[in-house]
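Participant:
2 protein chains.
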Amino acid sequence: MTGISLYPVSNLPLIEPGDDLGSSIVEQLAAAGQTVQPGDIFVIAQKVVSKAEGRLVRLADVTPDARAQEIAQIVDKDPRHVQVVLDDSNEILRTRRGLLVVEQKSGWVCANAGVDRSNVATPEEGEEMLALLPVDADASAANLRQRLLDLSELDAETKLGVLINDSHGRAWRVGTVGVCIGCAGLPALWNQNGLHDLYGYELHASEECIADELCAAASLIMGQSNEGNPVVLIRGYQPPAHLAATTARIIQRPAAMDVFR
Amino acid sequence: MTGISLYPVSNLPLIEPGDDLGSSIVEQLAAAGQTVQPGDIFVIAQKVVSKAEGRLVRLADVTPDARAQEIAQIVDKDPRHVQVVLDDSNEILRTRRGLLVVEQKSGWVCANAGVDRSNVATPEEGEEMLALLPVDADASAANLRQRLLDLSELDAETKLGVLINDSHGRAWRVGTVGVCIGCAGLPALWNQNGLHDLYGYELHASEECIADELCAAASLIMGQSNEGNPVVLIRGYQPPAHLAATTARIIQRPAAMDVFR
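Chains as they are written, first to last, in our numbering: chain L, 1 to 261; chain R, 262 to 522.
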């Protein structure tokens, strides 16, 4: 049987600000007797991308303002953490005890603007760090893709996908799933309008978010805490050949088109 | 490298009401030299489950009432189709041109109550059929699981997952992704509260929807139109060993807890 396979890129070193993530990936592939192959798709956890890019804030350095303190009361979180969330948000969508849903600066609607304090530093007193989303995760994905191509001596036209994933909660459904916040070398969406099904019916309003499905699949291997497996290699998936690569930003539903804001 | 693999169960016959879907799956596996193995997870497209269960309505037999006609005007859909959607819904959440989001009778929040007219019959005049969601997709999954076990002479304690997936749109994000509406033999959710990350931080509010991620992954092989590959076999995924199997209904966020209704 031929199908799709997902593998962890194991034994990556702990990523620190300034680290060359692409190089670490290629090295650990080599250690497993593998190389980057045309058609490969790498899904990379947002947290390691943010760490490599130095998107870190030391909690002890944050002084919450009055608004952050007020919202911290409502949502029952550390006011300094709330301040960091607000600083990286365009708009607050919902607040409730335990819940702070915003539109993050690059447009993603998610809890806490994707700011997370786990997995970013040792929990020594005064040294707690928060990791923010990359400033432009599409650019992060494109840069990582180019780095993987360069290190593998493959040209820029090579089919190679790099996706950056994060775990997001959803309206209506319990639990988080992996979604795509950065995309390079792949089409994020597959618009099937105008195609016909098995029986000749034209498909309407059919647009599949391939990038989110790939990121959800990869999350099964990462585990939500991203411990040990922040990079997943997907082999055997071929996106529809007629589709050009896109950014992940096209997945963002414009606020004016969104009836659930 | 060891990881997770997804395979289409190819060459399934077109499913008709009353068909033994479990038997067809085992037969086509056998034709590919395979058998059902402990640890296997089968993801099955809702449409073929609904067809096998006879959850079909002939469009020509439907007489829309005044409310269906009024809503059909707003959403710009066939009033008969709208009537079928309303008949299988608890509540309308949003209407807009091209959009009708409801809470379907078994509790799923989705467009058109999951009612779809593609892939259910040849498009002869007067013979257009609509497929509704299964009455109880968790029961459908449990029945299919038992049938696969029986046909494979495996006992009821065997680790074997059966998930029923559907393609749902999302708030905030463009495009549909595969989600789980029926679950048997697997835990749908992995609550990680209380676990610690790599650095010793306790994970809070961390609950991963494994079932949705598996269904999203399988959708990559099905394609949204489910042409030809309505059944996907996933091998190599092991849910956390301490978790008991659950239904998919536990994924439904209670309306009172949902700030996006």
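We put the beta carbon where it would ideally sit given N, CA and C, even for glycine. Note that the structure is predicted; figures quoted are calculated from it, not measured.
Leaving out five residues before and five after cysteine 209(L) in sequence, what residues of the same chain have Cβ atoms less than 7 Å from its Cβ?
Facilitator: On the first sequence, residue 209(L) is found 209 positions in, with the first residue counted as 1. The residues are Ala188, Leu189 and Ile251.
Participant: Excluding the 5 residues preceding and the 5 following glycine 178(L) in the sequence, name in chain order all residues of the same chain whose CB lies nearer than 7 Å to its CB.
Facilitator: What you label residue 178(L) is simply residue 178 of the first sequence in a count that begins at 1. Closer than 7 Å at the Cβ level, and outside the excluded window around glycine 178(L), lie Asn165, Ser167, Cys215, Ala216, Ala218 and Ser219.
Participant: Report the rounded CA-to-CA distance for alanine 445(R) versus glutamine 83(L), giving the unit in angstroms.
Facilitator: As a working note, residue 445(R) is residue 184 in the second sequence. As a working note, residue 83(L) is residue 83 in the first sequence. So the alpha carbons of these two residues sit roughly 43 Å apart.
Participant: Let me see if you follow: with CB-CB separation under 8 Å, is proline 340(R) close to chain L or not?
Facilitator: The count along the second sequence starts at 1 and reaches residue 340(R) at position 79. Chain L, which has no Cβ nearer than 8 Å to the Cβ of proline 340(R), makes this no.
Participant: Three or more beta-carbon pairs under 8 Å between the segment 18 to 34 of chain L and the segment 275 to 292 of chain R, yes or no?
Facilitator: The answer is no - the segment 275 to 292 of chain R does not touch the segment 18 to 34 of chain L, with fewer than three Cβ pairs under 8 Å.
Participant: Which residues, taken in chain order from the segment 6 to 22 of chain L, show a beta carbon closer than 7 Å to some beta carbon of chain R?
Facilitator: Correct list: Leu6, Tyr7 and Pro8.
Participant: Going by DSSP in three states, asparagine 404(R) sits in which element: helix, strand or coil?
Facilitator: As a working note, residue 404(R) is residue 143 in the second sequence. Note: asparagine 404(R) maps to helix in three-state DSSP.
Participant: Is the segment 242 to 250 of chain L touching the segment 56 to 67 of chain L in the sense that three or more CB pairs, one from each, lie closer than 8 Å?
Facilitator: Verdict: no, contact absent.
Participant: Once DSSP output is grouped into helix, strand and coil, what is the label at aspartate 339(R)?
Facilitator: If you number the second sequence from 1, residue 339(R) lands on position 78. Looking at aspartate 339(R) - three-state DSSP - the assignment turns out to be coil, as it is neither helix nor strand.
Participant: Just mark glutamate 91(L) as buried or exposed, buried being the case when its beta carbon has 16 or more other beta carbons within 10 Å.
Facilitator: Taking the first sequence and counting its residues from 1, the one referred to as residue 91(L) is at position 91. Glutamate 91(L) should be labelled exposed.
Participant: My assumption, with CB atoms under 8 Å, is that valine 174(L) sits in contact with valine 9(L). Please give the rounded CB distance.
Facilitator: For this step, residue 174(L) is matched to residue 174 along the first sequence. For this step, residue 9(L) is matched to residue 9 along the first sequence. Not really, about 30 Å apart at Cβ, beyond 8 Å.
Participant: Measure from the alpha carbon of aspartate 519(R) to the alpha carbon of each residue in Val43(L), Ala171(L) and His242(L), then state which is nearest.
Facilitator: Counting from one through the second sequence, the residue named residue 519(R) turns up at place 258. Closest by alpha carbon: Ala171(L).
Participant: For valine 492(R), report the span of its beta strand (DSSP E) as first-last.
Facilitator: For this step, residue 492(R) is matched to residue 231 along the second sequence. Valine 492(R) -> beta strand (DSSP E) spans 492 to 496.
Participant: Within 10 angstroms of its Cβ, does alanine 111(L) collect 16 or more other Cβ (buried), or is it exposed?
Facilitator: Within the first sequence, residue 111(L) is the residue found at index 111, counting from 1. Buried, by the Cβ-count rule.
Participant: Taking Cβ-Cβ distances below 8 Å as the criterion, which residues of the segment 26 to 54 of chain L are in contact with chain R?
Facilitator: Listed by position along the chain: Ala32 and Gln34.
Participant: Residues of the segment 417 to 448 of chain R with a CB closer than 9 Å to any CB of chain L: list them in chain order, please.
Facilitator: Listed by position along the chain: Ser428, His429, Gly430, Arg431, Ala432, Trp433, Arg434, Val435, Gly436, Thr437, Val438, Gly439 and Val440.
Participant: Which residues in chain R sit within 8 Å of aspartate 258(L), going by Cβ to Cβ distance?
Facilitator: On the first sequence, position 258 is the one that residue 258(L) refers to. Those within 8 Å of aspartate 258(L) in chain R are Ala432 and Trp433.
Participant: Would you say isoleucine 523(R) reaches chain L, if we count a Cβ-Cβ gap shorter than 8 Å as a contact?
Facilitator: For residue 523(R) there is no data in the structure shown, the boundaries of chain R being 262 and 522.
Participant: Quick check: the segment 493 to 502 of chain R against the segment 290 to 307 of chain R, are at least 3 beta-carbon pairs closer than 8 Å?
Facilitator: A contact exists between the segment 290 to 307 of chain R and the segment 493 to 502 of chain R.
Participant: May I ask which residues mark the beginning and end of the beta strand (DSSP E) holding leucine 163(L)?
Facilitator: What you label residue 163(L) is simply residue 163 of the first sequence in a count that begins at 1. Start and end: 161 to 168.
Participant: Using a Cβ cut-off of 9 Å, which residues of the segment 98 to 113 of chain L contact any Cβ in chain R, in chain order?
Facilitator: Hits within the stretch, in order: Gly98, Leu99, Val101, Glu103, Trp108, Val109, Cys110 and Ala111.
Participant: Closest to isoleucine 305(R) by C-alpha separation, out of Ala517(R), Glu418(R) and Gly443(R), would be which residue?
Facilitator: Reading the second sequence from its first residue, position 44 is the one you call residue 305(R). Looking at the Cα atoms, Gly443(R) is the closest of the given residues.
Participant: Unbroken beta strand (DSSP E) runs of length 3 or more, entirely within the segment 9 to 69 of chain L: which are they?
Facilitator: 41 to 45 and 56 to 58, all fully within the segment 9 to 69 of chain L.
Participant: Between Val75(L), Pro79(L) and Lys105(L), which lies nearest to aspartate 88(L) when the distance is taken from Cα to Cα?
Facilitator: On the first sequence, position 88 is the one that residue 88(L) refers to. With distances taken between Cα atoms, aspartate 88(L) lies closest to Lys105(L).
Participant: Give a yes or no on whether the C-beta atoms belonging to valine 48(L) and leucine 160(L) are separated by under 8 Å.
Facilitator: To locate residue 48(L), count along the first sequence from 1; it is residue 48. To locate residue 160(L), count along the first sequence from 1; it is residue 160. Not in contact: valine 48(L) and leucine 160(L) (Cβ atoms no closer than 8 Å).
Participant: Report the residue from Ile4(L), Glu103(L), Asp138(L) and Ala32(L) whose alpha carbon sits nearest the alpha carbon of leucine 12(L).
Facilitator: Position 12 of the first sequence, counted from the start, is the residue given in the question as residue 12(L). Among Ile4(L), Glu103(L), Asp138(L) and Ala32(L), the Cα nearest to that of leucine 12(L) belongs to Ala32(L).
Participant: Name, please, each residue of chain R whose Cβ falls closer than 7 Å to the Cβ of leucine 189(L).
Facilitator: Here residue 189(L) corresponds to residue number 189 of the first sequence, with the count starting at 1. Those are Val435 and Gly436, listed as they occur along chain R.
Participant: Can you tell me whether leucine 475(R) is helix, strand or coil according to DSSP?
Facilitator: What you label residue 475(R) is simply residue 214 of the second sequence in a count that begins at 1. The answer is helix: DSSP assigns leucine 475(R) an H, G or I state.
Participant: For cysteine 180(L), which residues does DSSP report across the bridge?
Facilitator: For the purposes of this step, residue 180(L) is identified with residue 180 of the first sequence, where counting begins at 1. Its beta-bridge partners are Asn165(L).
Participant: Where does arginine 249(L) fall in DSSP's three states?
Facilitator: Mapped onto the first sequence, residue 249(L) falls at position 249. Helix.
Participant: Where do the N-terminal and C-terminal ends of the beta strand (DSSP E) with serine 89(L) fall, by residue?
Facilitator: Looking up residue 89(L) in the first sequence gives position 89. That run of the beta strand (DSSP E) goes 89 to 96.
Participant: Have a look at Leu410(R), His342(R) and Gln334(R) and flag the residue whose alpha-carbon is nearest the alpha-carbon of threonine 356(R).
Facilitator: Indexing the second sequence from 1 puts residue 356(R) at position 95. The residue with the shortest Cα to Cα distance from threonine 356(R) is Gln334(R).
Participant: Report the neighbours of leucine 410(R) on chain L: residues whose CB is nearer than 8 Å to its CB, in chain order.
Facilitator: Here residue 410(R) refers to the residue found at position 149 of the second sequence. Per Cβ cutoff of 8 Å: no residues; leucine 410(R) is ~21 Å from chain L at best.
Participant: Might you give, ordered along the chain, the residues of its own chain that have their beta carbon closer than 8 Å to the beta carbon of leucine 290(R), omitting 5 neighbours on each side?
Facilitator: To locate residue 290(R), count along the second sequence from 1; it is residue 29. Same-chain partners within the cutoff: Val270, Thr296, Val297 and Leu494.
Participant: Do arginine 261(L) and leucine 93(L) have their C-beta atoms within less than 8 Å of each other?
Facilitator: Working through the first sequence from its first residue, we reach residue 261(L) at position 261. Working through the first sequence from its first residue, we reach residue 93(L) at position 93. Closer than 8 Å, so yes.
Participant: Comparing C-alpha positions only, which one of Asp397(R), Leu391(R) and Gly359(R) sits nearest to glycine 368(R)?
Facilitator: One-based indexing of the second sequence puts residue 368(R) at position 107. With distances taken between Cα atoms, glycine 368(R) lies closest to Asp397(R).
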